[in-house]
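To start, the structure itself, in structure tokens.
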Amino acid sequence: MDPKTVERWITKGRAPYPKYRREVAALLKERENYLWPDVLPADKQIAVSESELVKTYPRRYAVPNDLWARLLDQATDFIGVLAYAGLFLPEQTDLIGKIKAKAKSGTKIVVLLGDPESEAVALRGAEEGIGGAMAEKVRNVLTYYNQLEGVPGVFVGYHDTALYNSIYKFDNEMLVNTHILGCPAAHAPVLHLKELAGGTMFQTFSDSFDRVWSRSKNVWTHEHGKVKP
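Under the working numbering, the first residue of the sequence shown is numbered -5, with each subsequent residue one higher.
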């Protein structure tokens, strides 16, 4: 591009043509609607965001096992788990072995678990009617993730956040397990989302993931996490 054209994008508030917006967003690893928030009219942004919803499952156990496996196998840049325990995931898949292989090939792995000593975990256990069993679930799942200690590119952290959803992120797709008062996560609805240029729903959950990550502490070193992979 002519440098003066790019200068006008920056200093005059002019938006590039769609082709160049996509290319610039890819180079900067940002969303188009973050770089140019006024480009898409509100009605179109809403329509695109609605299209990010691939499917809704009435219960988490209704999500096919092969979908979990596909998302895990196909992810190359980022795999993120945000839950209180999410014990089902390493129990139903060869999660740890796959994570080790993914990390070795350059995939960033972030696992955020509820701090078993936190008020948030105690409250969630009480709300589900299982009391201290929620904290024990976290300790149980950590026996799996402890196998990742020292693996480059892997962050396993504790958070003390009151979660409204569990988020399982695989590159530009994610499964969002809603949390409902008095209802175990396995019996709550799940949203399958896929990020689209100009959409906002996927990014809303992704931003929430990053906020929790920034406040989380590494379970082995007690250092804080970082917002960006």
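Just so it is clear, CB atoms sit at the ideal spot from N, CA and C, and this is done for glycine as well.
{"Query": "Assigned secondary structure, Tyr138 (DSSP; H/G/I helix, E/B strand, else coil)", "Result": "helix"}
{"Query": "Three-state secondary structure (DSSP) of Val159", "Result": "The question names Val, but residue 159 in the sequence shown is Asn. Three-state DSSP puts Asn159 in a strand."}
{"Query": "Met128 (DSSP reduced to helix, strand or coil)", "Result": "helix"}
{"Query": "Sub-7 Å separation of Val213 and Tyr152 beta-carbons", "Result": "yes"}
{"Query": "Cβ neighbours of Val135 in the same chain (closer than 7 Å, five flanking residues each side left out)", "Result": "Ala79, Gly80, Leu81, Pro84, Leu107"}
{"Query": "Backbone CA spacing between Trp3 and Asn27 [nearest angstrom]", "Result": "14 Å"}
{"Query": "Neighbourhood of Asp60 by C-beta, 8 Å cutoff - its chain only, sequence neighbours within 5 removed", "Result": "none"}
{"Query": "Thr5 versus Tyr14: straight-line alpha-carbon distance, rounded", "Result": "17 Å"}
{"Query": "At least three beta-carbon pairs within less than 8 Å, the segment 155 to 171 to the segment 61 to 79", "Result": "yes"}
{"Query": "The alpha helix (DSSP H) enclosing Met195, as first and last residue numbers", "Result": "195 to 209"}
{"Query": "Outcome for His173 when other beta-carbon atoms lying within 10 angstroms are tallied against a minimum of 16", "Result": "buried"}
{"Query": "Assigned secondary structure, Glu17 (DSSP; H/G/I helix, E/B strand, else coil)", "Result": "helix"}
{"Query": "Selected residue, minimal CA-CA separation from Ser200, among Trp62, Lys94, Gly7, Met168", "Result": "Met168"}
{"Query": "Beta-carbon spacing of Asp231, Asp109 below 7 Å", "Result": "In the structure as shown, the chain begins at -5 and stops at 223. Residue 231 is therefore absent and cannot be evaluated."}
{"Query": "Contact set for Glu217: own chain, Cβ-Cβ below 7 Å, skip 5 residues either direction", "Result": "Lys211"}
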